[in-house]
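Asks: For reference, the structure I am asking about is given below.
Residue numbers (our numbering): 56 to 273.
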């Protein structure tokens, strides 16, 4: 039997179908390649910083500091080793203990997880910045009165977390305090005293909880 001519029947032949499919695929690939090329061009146009020291300006405790830092330097490293502010402590260096807690625009953050170069343009507050006149804040005074520390290494981080909470919520609940301090760890086990100190500083009647109860409550 003589093959029927697809053009004469008005139907699309298999050859024409695959030919059209191939043309469409090539066009789509070309469009995608062009899009990728444009994105790469944008990335290449951006200024790459480092690996050597670059100018970094930090505003810490109300003062502006101009430094030369490698882009990989963390905010914690910059504060401790370049500005001499040793209140924030280096504990885990991986956002697990909270000893390095500082404020960034009033919000408690881990300084070990923030690059100094990314902290530019923000208000940074360390525990030293809470008492510019040397007088203890109500939170610090409550920590002293309730003996909410033993070795004291984690204390600055707890003070910063509690102080940030009270700025936002002056009359916190027990759950509020526990939540605010959930990212801070005391290896000495003074969590119950920290809770009491936070509530006393807020003028709220303290509650008595064991360390196990505090940890399980979180």
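Just so you know, even glycine gets a beta-carbon here, dropped at the ideal spot from N, CA and C.
Just tell me which of 231, 142, 157, 190 has its CA closest to the CA of residue 177.
Replies: The option with the nearest alpha carbon to residue 177 is 157.
Asks: What are the partner residues of residue 163, as DSSP defines its beta bridges?
Replies: Answer is 158, bridged to residue 163.
Asks: According to the Cβ coordinates, are residue 216 and residue 163 closer than 8 Å?
Replies: Yes. Within cutoff.
Asks: Once you ignore the five residues that flank residue 148 on each side, which residues in its own chain have a CB closer than 6 Å to its CB?
Replies: If we look at residue 148 and ignore the five residues flanking it on each side, its Cβ neighbours are 167.
Asks: Do residue 269 and residue 247 have their CB atoms nearer than 8 Å?
Replies: For residue 269 and residue 247, yes; Cβs fall inside 8 Å.
Asks: Rounded C-beta distance between residue 154 and residue 144? I'm assuming under 8 Å.
Replies: Yes, they are in contact, since the Cβ atoms of residue 154 and residue 144 sit about 4 Å apart, within 8 Å.
Asks: Check the C-beta distance from residue 226 over to residue 249 and give it rounded, since I have them as a contact under 8 Å.
Replies: With a Cβ gap of about 18 Å, residue 226 and residue 249 do not count as contacting.
Asks: Which runs of the alpha helix (DSSP H) fall wholly inside the stretch 77 to 125 and span at least 4 residues, in chain order?
Replies: DSSP runs (the alpha helix (DSSP H)) wholly in the stretch 77 to 125: none.
Asks: Count the other CB atoms, across all protein chains shown, that sit within 10 Å of the CB of residue 106; report buried if there are 16 or more and exposed otherwise.
Replies: Classification of residue 106: exposed, given that the 10 Å Cβ count is below 16.
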